[in-house]
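Written out below as structure tokens is the structure these notes cover.
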Amino acid sequence: MSTAIVVGGGPNGLAAAVTLAQHGVQVTVLEAADEVGGGARSSEAILPGLLHDDCSAIHPMAVGSPFLSGLDPDRYGLQWRWPQVDCAHPLDDGSAGVLYRSVEQTAAGLGRDGGRWRRLFEGPVARFDALNTDIMGPLLRLPHHPLTLARFGAPTALPASGLAHWFRTPQARALFIGVAAHAFRPLHYPMTSAIGLGILTAGHRHGWAVAAGGSQAIADAMAAALIELGGTIETGVRVASASQLPPADVTLFDLAPDAVAQILGDRLPRRVARAYRRFRRGPGAFKVDFAVEQRVPWTNHDARLAGTVHLAGTHRELAATERDVHAGRMPERPFVLVGQQYLADPQRSVGDVHPVWTYAHVPHGYTGDATAAIIAQIERFAPGFRDRVVGQAVRSTGEMAVYNPNFAGGDIMTGAKDVRQLVFGPRITLSPYSTGIPGTYICSAATPPGPGAHGMCGANAARLALRHL
1 MSTAIVVGGG PNGLAAAVTL AQHGVQVTVL EAADEVGGGA RSSEAILPGL LHDDCSAIHP
61 MAVGSPFLSG LDPDRYGLQW RWPQVDCAHP LDDGSAGVLY RSVEQTAAGL GRDGGRWRRL
121 FEGPVARFDA LNTDIMGPLL RLPHHPLTLA RFGAPTALPA SGLAHWFRTP QARALFIGVA
181 AHAFRPLHYP MTSAIGLGIL TAGHRHGWAV AAGGSQAIAD AMAAALIELG GTIETGVRVA
241 SASQLPPADV TLFDLAPDAV AQILGDRLPR RVARAYRRFR RGPGAFKVDF AVEQRVPWTN
301 HDARLAGTVH LAGTHRELAA TERDVHAGRM PERPFVLVGQ QYLADPQRSV GDVHPVWTYA
361 HVPHGYTGDA TAAIIAQIER FAPGFRDRVV GQAVRSTGEM AVYNPNFAGG DIMTGAKDVR
421 QLVFGPRITL SPYSTGIPGT YICSAATPPG PGAHGMCGAN AARLALRHL
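Each residue of the sequence shown is one higher than the one before, counting from 1 in the working numbering.
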């Protein structure tokens with residue numbers, strides 16, 4: 001029987017392990033933390049019974065993931081829940097750009113931009129299941145559906161700020177560019193539309209779902225599947241050098257490239273080691289969880305029903321904010337993302353106290369405290385919020401890296417998603433999962449298709465390992 005070692009038990013490491021085990025490989029996962037999950041963990045951070053997602057929270061890319069869909073998630077206790085409104089982007093006048101799962105419903109709320117929203121998304125959403133097989137893998141390969149991918153791909157090359165100007169209303173512009181800002185990039189850069197269009201198209205097809213019982217349920221489902229297939233998980237095992245690795249036919253790393261370079265040392269080909277050590281990091285996330293009585297008092301009604309709320313003001317304000325963060329300057333009004341997962345999954349609340357998940361975009365390695373700035377941004381669109389807070393838990397950029405070493409400097413994307421790294425991954429190659437050592441692969445979110453609890457980086461790397469075997 002072939003054997004495999006997977007270093008790192010985040011969603012991608014677990015997906016790699018499950019994929020290998022499904023093909024009869026004997027797999028052992030080595031995880032440094034006391035529990036698996038990586039960025040897909042949940043905890044009672046403030047009050048007993050009040051459930052917060054530690055990092056990954058909203059999952060439009062995971063619901064339709066080819067890996068998770070093929071896993072029969074219900075069998076392993078993974079169930080999805082959807083809010084009434086997927087996302088709201090409020091403005092200072094009390095209005096908002098409002099995103100629903102339905103393209104038609106979203107377009108109907110965008111006034112004279114409704115037709116443009118339909119033209120941009122109706123076709124890709126209708127063909128998303130076919131399109132998904134291409135966008136959830138390496139970009140530089142022969143696509144399964146070349147015409148569909150070409151139609152979808154053309155606008156992804158545009159800067160998000162440029163594509164936002166195609167819309168005429170402030171609500172539509174803000175709604176689009178707020179989702180595009182998930183890329184953690186200056187929005188006037190090429191290809192910053194790509195992540196926004198991908199998230200929006202997936203969301204219109206499958207919705208911005210949350211996992212019932214917290215994002216930990218995603219990791220737990222993968223772990224249960226692996227154990228059922230005969231795999232082994234060892235937690236509390238930190239691998240610092242190749243000498244610690246047990247013998248195996250294949251080894252996969254759900255780690256950032258620089259960590260892989262440190263572990264493998266001189267075993268890596270020189271050109272690969274150089275690329276991994278030069279891998280560029282992106283801006284950071286500063287996270288604050290709140291315990292809130294009687295919900296958040298949003299001025300905009302739709303925000304009260306939204307699983308996700310983007311706080312950034314107009315598209316111009318958001319573009320300026322992201323430029324500052326990329327340049328290493330902390331903005332006075334940072335882009336703040338708010339998660340209200342309890343609206344779709346009420347079991348996360350305790351009576352009338354609800355968990356509110358937030359983080360702000362901050363410079364890489366930011367050493368200050370962004371808590372007051374986050375509260376001020378929420379107060380801007382929900383006056384009286386501060387008075388309803390009964391507890392909070394802060395995770396700085398430095399603490400992000402302690403929680404998950406892949407998030408060095410608070411970089412929850414595991415690397416800057418600039419054009420080169422978005423297209424190629426950790427190094428310029430047609431095989432982004434290969435380390436240059438036969439039988440050894442990297443499968444973290446530094447590889448295509450990138451961040452999310454979809455598991456596809458791991459599944460893709462595992463398929464390459466199976467071909468090697």
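For each residue, glycine too, the CB sits at the ideal point set by N, CA and C.
> Can you give the Cα-Cα distance for Thr299 and Ala312, rounded to whole angstroms?
Replying inline: Cα to Cα, Thr299 sits roughly 15 Å from Ala312.
>> Just to confirm the assignment: which complete alpha helix (DSSP H) runs, minimum length 4, are found wholly within the segment 158-232?
In response: The segment 158-232 contains these whole alpha helix (DSSP H) runs: 160-164, 170-180, 193-206 and 216-228.
> Just the Cα atoms here: how many angstroms apart are Ser69 and Gly97?
Replying inline: Each residue's Cα considered, the two are about 30 Å apart.
>> On the DSSP letters alone, give me the boundaries of the beta strand (DSSP E) that Asp289 sits inside.
In response: Secondary structure note for Asp289: its beta strand (DSSP E) is the uninterrupted segment Gly284 to Glu293.
> Going by beta carbon distance, what residues of the same chain come within less than 7 Å of Leu197, once the five residues before and after it are set aside?
Replying inline: Its chain contains Pro155 and Thr156 as the residues whose beta carbon lies nearer than 7 Å to that of Leu197, once the 5 sequence neighbours on both sides are disregarded; these appear in chain order.
>> Assuming contact is defined by CB atoms lying nearer than 8 Å, are Ala21 and Val27 in contact in what I supplied?
In response: Yes.
> If you draw a straight line from the alpha carbon of Arg75 to that of Ile218, how long is it in whole angstroms?
Replying inline: One C-alpha to the other measures close to 12 Å.
>> For the pair the segment 351-364 and the segment 276-287, tell me if three or more CB-CB distances fall below 8 Å.
In response: Taking a cut-off of 8 Å for Cβ pairs, the segment 351-364 and the segment 276-287 touch, as three or more such pairs fall below it.
>> Comparing C-alpha positions only, which one of Arg168, Ala164, Gly365 and Thr169 sits nearest to Ala181?
In response: The candidate whose alpha carbon is nearest that of Ala181 is Ala164.
> Given Arg467, which residues of its chain have a CB within under 7 Å of its CB, disregarding the five upstream and five downstream residues?
Replying inline: Excluding the 5 residues flanking it on each side, Arg467 has no same chain C-beta neighbour closer than 7 Å.
> What are the boundary residues of the beta strand (DSSP E) that includes Gly384?
Replying inline: Note, Gly384: premise wrong, no beta strand (DSSP E); not H, not E.
> Around the C-beta of Ile428, are 16 or more other C-beta atoms found within 10 angstroms, so that it is buried, or is it exposed?
Replying inline: Answer is exposed; the Cβ neighbour count stays below 16.
> Rounded to a whole number of angstroms, what is the C-alpha to C-alpha distance between Ser95 and Leu430?
Replying inline: Near 46 Å, if we compare the C-alpha coordinates of Leu430 and Ser95.
> Cβ of Arg281 within 8 Å of Cβ of Ala446?
Replying inline: Contact annotation: Arg281 and Ala446 have beta-carbon atoms that are not nearer than 8 Å.
>> For Phe253, list the residues DSSP reports as bridge partners.
In response: Residue pairing by DSSP places Phe253 opposite Val7 and Ile442 in a beta bridge.
> Less than 8 Å separating the beta-carbons of Gly39 and Gly10?
Replying inline: The answer is yes: Cβ separation under 8 Å.
>> Mapping the DSSP letters down to three states, classify Leu311 as helix, strand or coil.
In response: Here Leu311 sits in strand by DSSP.
> Can you tell me whether DSSP reads Arg281 as helix, strand or coil?
Replying inline: Arg281: coil per DSSP, three-state reduction.
> With a CB to CB cut of under 6 Å and the five nearest residues on each side skipped, what residues in its chain are close to Ala4?
Replying inline: So the qualifying residues of the chain are Leu20, Val25, Val27, Ala248 and Val250.
> Ends of the alpha helix (DSSP H) at Tyr403?
Replying inline: It spans Thr397 to Tyr403 - the alpha helix (DSSP H) in which Tyr403 sits, taken as one unbroken run.
> Which ranges does the alpha helix (DSSP H) cover as unbroken runs of at least 4 residues, wholly within the segment 67-125, from first to last along the chain?
Replying inline: Those alpha helix (DSSP H) runs which fall completely within the segment 67-125 and span 4+ residues are 103-108.
> Under the three-state reduction of DSSP, which class applies to Ser434: helix, strand or coil?
Replying inline: Looking at Ser434 - three-state DSSP - the assignment turns out to be strand.
> Any idea which residues DSSP pairs Glu234 with across the strands?
Replying inline: Glu234 is bridged to Leu30.
> Using CA coordinates, which residue listed in Leu464, Ala108, Pro451 and His52 is at the minimum distance from Ser434?
Replying inline: Comparing Cα positions, the closest option is Leu464.
> Where does Ser241 land, buried or exposed, given buried means 16+ other C-beta within 10 angstroms?
Replying inline: Exposed: under 16 other Cβ atoms inside 10 Å.
>> With DSSP as the reference, identify every bridge partner of Leu264, one or two as the case may be.
In response: None; Leu264 has no bridge partner.
>> I need the DSSP call for His326, collapsed to helix, strand or coil.
In response: Here His326 sits in helix by DSSP.
>> Measuring straight from C-alpha to C-alpha, what distance separates His188 and Leu245?
In response: His188 and Leu245: Cα-Cα distance of roughly 44 Å.
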